Each structure stands twice: as C-alpha cells, then as structure tokens.
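Asker: My questions all concern the structure below.
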DNA sequence: ATCCCGTACG
DNA sequence: CGTACGGGAT
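Laid out in structure tokens, this is it:
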C-alpha cells in the first residue's frame, strides 16, 4: 500500500478518521450497546435503506422483538405488517428465518465465523462484515454505497461502482487499511463519513477529516467520481386497482410468493395494456372474482409508483357489489374487512397511496 | 426526472 | 455475473 501510494499512510488516515468519528457519530439507537442483536437488526434494516428511513422501523421492531428469541418466534404476517412501507420485503422473511437458525443452529448466539454468518438467510458480504466487525471486533471491511463513494474518491478510481469487480477491488484495498484495533469503528466511521460529508452531490470537503489524503479532491474529480454506469430502463406496467366494496367491507388479497411484493396484501389488480376505461371488462373481472354482480363503478385519479425495475401507472376503481360475494372467508389469501382493520394487514406502499389520496380516501370512510 | 441504498438466485 | 427486488429524497 504505502509503497505504491507514498502519499497515503493507513496509520495517519485511521487516526484522523476515528478522531472525527468520535466527535461526529450520530447517536443512533443501535449504537447504544455492543450487543450483536441490535446491530444485526439494524443492519438488515439498513440494506438499501437510509438511516432516517429505517429509524422508525427499528424502534417498532426492537420494541416488539427485544431479543433474538422473541424474533425467532414472531408471526410472519405480524412482522410483515410492521415492515409494510419499507420495501424489499424479502428482508423481513429472511430476518425471521435467520433468527430461527441463530436459535436452532447457534444456541441463540450470532455465529462469529464468517462462513457460518454468510450461511444465514439475508446475510451477505456487507451485513456479515458489519456485524462481525462492529459486534465481534473482526477486521472485515464493509463495502456499501457510502464506502464505495469514499474510497473511489480517496484513490481517484474511475471504476464502475455498479460492478462486482469494483466492490471486490475496494474490499481488497480496505483490507490493507482497516484498523485491526477498532475495525467496527473504522467501518462505521467510513460509512458515516460517506453519509454526512463525502456525499454524492456537493461533498463538504472543507470539513472532511481526511481531505488531505483524497486524490479526487486534489485533482478536482469529486464530480466525476464515483462513476456509475446508467441504470437499465424500467419496464412499464399499467393496472386497475379494484377497491371492491360490499356493505362497508373491502376485499383484500395476498400476493403469492415468490415474486414482487410476495406475501403482502393489496386490493385485487387487473393488469391492462392501457388505462382506458373498459367498464365491461372490469365488471366481468370483479364478478369472476367475487361471484357477485357490480352495481356501480367509480374511477379515481391515475396514480403512479416507481420501482427500481418497473414504472407502474395505476388507476383505482371503486366497484360496489349489488349482492353478497361468494368469496370464501376461510381462504387465507383473501379477506373481507372494514377500513379500520387495514392497519392489521401488510399493505404495500403503492396500494397504501389509494388509502391516503384525498380523492379516494372518501371511499373508505363510512 | 434522477439520485440513493445489498442480497438471492440462476 | 446479470437480473429481480421497494421506497424515499431532491
């Protein structure tokens, strides 16, 4: 390291970085202890999720499941309900499975061996390194989006941070630099620096504790580094979202797994090529679904929801039944419930917007 | 409209 | 190694 980069001294770098972290670390609830369980829970939540967004969910979850034993015994539907709105719902199911395995295979202790940690569902290279370094003091570098940004700028690397090889390269570099005495603090400090100072746009180099080491700053390249290849175009989709009502009760259905939003509850959906009102088709669909005729259709405003890989446009439609539905109540994938009961179901964000939108919210108030 | 953020699976 | 998988901030 120091031979090929004479300007760079890991010792001095770590000293500046860790001193900055001591004075600037945010007081996050999972930092109040060294126990692995809060670290584990928070790191799963922080996958693809920023701290501010994860915080309220962390509080709900740690409160409901204070130990790994509580989590291992959790009801999956209840966990998904607490998770609803956060996205990447596979995380919640993996979290539950992992807790079960930690109890069953590892006597309630998080495995301190990297291979064993990686064998747990939902634990990949980032999360394993985070937990093992922070809670067990192991010198394993974490490579998340923040770290990629900080390190590529530090060494002026123009590699595409979307690619796996780049992540491995950065991990290799950090392996030479990581502070063996305080690997957890080193990792957290690097991520905190990326989140608070070395930000994607307009990094605050003036207050950066390691600006003196930064080649991107020296060469005026913080605008071009990190380089990230353009994302693939989103597939476009269009749905009618069918709010089926009979006597103040609404039909909810649970999505099959695996697949998008699997295990989550939603209003029945009619996929369509274009959002053209075809009343006949919609009525037929609802009748096939419920075995009851539709007395009235009301069209709500067009809404949209952007996923990483899908651009969804959808239109809520209130379908009122003129006779009692035949849908069986014992079907575990369909339920008729009152609006006040929606909060008991894990309803994903796109359909939750229908409950919130001012034009459609009235459909649910009796 | 464009950016941010890790893991599973084939 | 490429693709599927959500939601929020700016």
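Residue numbers (our numbering): 35 to 400.
All residues carry an ideal CB built from backbone N, CA and C; glycine is no exception.
Because the structure is a prediction, the values reported are computed rather than measured.
Please report how far the alpha carbon of residue 91 lies from the alpha carbon of residue 297, in whole angstroms.
Answerer: Taking the first residue of the first chain as position 1, residue 91 is located at position 57. Taking the first residue of the first chain as position 1, residue 297 is located at position 263. Approximately 19 Å between the Cα atoms of the pair.
Asker: Using CA coordinates, which residue listed in 171, 80, 147 is at the minimum distance from residue 117?
Answerer: In the first chain, the residue the question calls residue 117 occupies position 83. The candidate whose alpha carbon is nearest that of residue 117 is 80.
Asker: Apart from the five residues just before and just after residue 216, which ones in its own chain have a Cβ nearer than 7 Å to its Cβ?
Answerer: Here residue 216 is taken as the residue at index 182 of the first chain, counted from 1. Excluding residues within five positions, the ones whose Cβ falls inside 7 Å are 52.
Asker: Buried or exposed: where does residue 353 fall if 16 or more other Cβ atoms within 10 Å of its Cβ makes it buried?
Answerer: If you number the first chain from 1, residue 353 lands on position 319. So residue 353 ends up on the buried side.
Asker: When you compare the segment 268–276 with the segment 298–317, are there three or more beta-carbon pairs, one atom per stretch, that lie closer than 8 Å?
Answerer: Contact holds: three or more Cβ-Cβ distances are below 8 Å.
Asker: For residue 103, count the other beta carbons within 10 Å of its own beta carbon; 16 or more makes it buried, fewer makes it exposed. Which is it?
Answerer: Translated into positions along the first chain, residue 103 becomes position 69. With fewer than 16 Cβ atoms within 10 Å of its Cβ, residue 103 is classed as exposed.
Asker: DSSP on residue 345, reduced to helix/strand/coil?
Answerer: For this step, residue 345 is matched to residue 311 along the first chain. Looking at residue 345 - three-state DSSP - the assignment turns out to be strand.
Asker: Just checking, does the segment 113–128 make contact with the segment 173–184 on the three C-beta pairs under 8 Å criterion?
Answerer: Not touching, per the Cβ criterion.
Asker: What would DSSP say about residue 37, mapped onto helix, strand or coil?
Answerer: Looking up residue 37 in the first chain gives position 3. Low local confidence applies: a pLDDT of 44 at residue 37 is under 50, so the model's placement there is unreliable, and no value is given.
Asker: For residue 346 and residue 294, what's the separation of their Cα atoms in angstroms?
Answerer: The residue you call residue 346 lines up with position 312 of the first chain. The residue you call residue 294 lines up with position 260 of the first chain. Using only the alpha carbons, I get a separation of about 13 Å.
Asker: Could you compute how far the alpha carbon of residue 335 sits from the alpha carbon of residue 85?
Answerer: One-based indexing of the first chain puts residue 335 at position 301. One-based indexing of the first chain puts residue 85 at position 51. Distance between the alpha carbons of residue 335 and residue 85 is about 33 Å.
Asker: Using C-beta distances below 7 Å, list every residue in its chain close to residue 415, excluding the 5 sequence neighbours before and after it, in chain order.
Answerer: Outside the modelled stretch of the chain, which goes from 35 to 400, sits residue 415, for which no answer is possible.
Asker: Curious, which full-length beta strand (DSSP E) runs of at least 3 residues does the segment 265–297 contain?
Answerer: DSSP runs (the beta strand (DSSP E)) wholly in the segment 265–297: 269–280, 283–288.
Asker: Starting from residue 368 and walking both ways along the beta strand (DSSP E), at which residues does that stretch end?
Answerer: In the first chain, residue 368 corresponds to position 334, counting from 1. Segment 368–371, the beta strand (DSSP E) holding residue 368.
Asker: Looking only at its own chain, which residues have a Cβ that is under 6 Å from the Cβ of residue 160, when we skip the five neighbours before and after it?
Answerer: Here residue 160 is taken as the residue at index 126 of the first chain, counted from 1. So the qualifying residues of the chain are 176, 178.
Asker: From residue 229 to residue 136, what distance separates their C-alpha atoms?
Answerer: What you label residue 229 is simply residue 195 of the first chain in a count that begins at 1. What you label residue 136 is simply residue 102 of the first chain in a count that begins at 1. Taking the straight line joining both Cα atoms gives about 31 Å.
Asker: I think residue 327 touches residue 356, with their Cβ atoms under 8 Å apart; what is that distance to the nearest whole Å?
Answerer: In the first chain, the residue the question calls residue 327 occupies position 293. In the first chain, the residue the question calls residue 356 occupies position 322. Correct: roughly 5 Å between the Cβ atoms.
Asker: For residue 115, which residues in the same chain have their Cβ closer than 6 Å to its Cβ, ignoring the five residues on either side in sequence?
Answerer: For this step, residue 115 is matched to residue 81 along the first chain. Answer for residue 115: 380, listed in chain order.
Asker: How would you label residue 319, buried or exposed, when you count the other beta carbons within 10 angstroms and need 16 or more for buried?
Answerer: The residue labelled residue 319 in the question sits at position 285 within the first chain. With 16 or more other Cβ atoms within 10 Å, it is buried.
Asker: So, do the segment 253–269 and the segment 189–199 have three or more beta carbon pairs nearer to each other than 8 Å?
Answerer: Touching, yes.
Asker: Which of helix, strand or coil does DSSP assign to residue 194?
Answerer: To locate residue 194, count along the first chain from 1; it is residue 160. Residue 194: strand per DSSP, three-state reduction.
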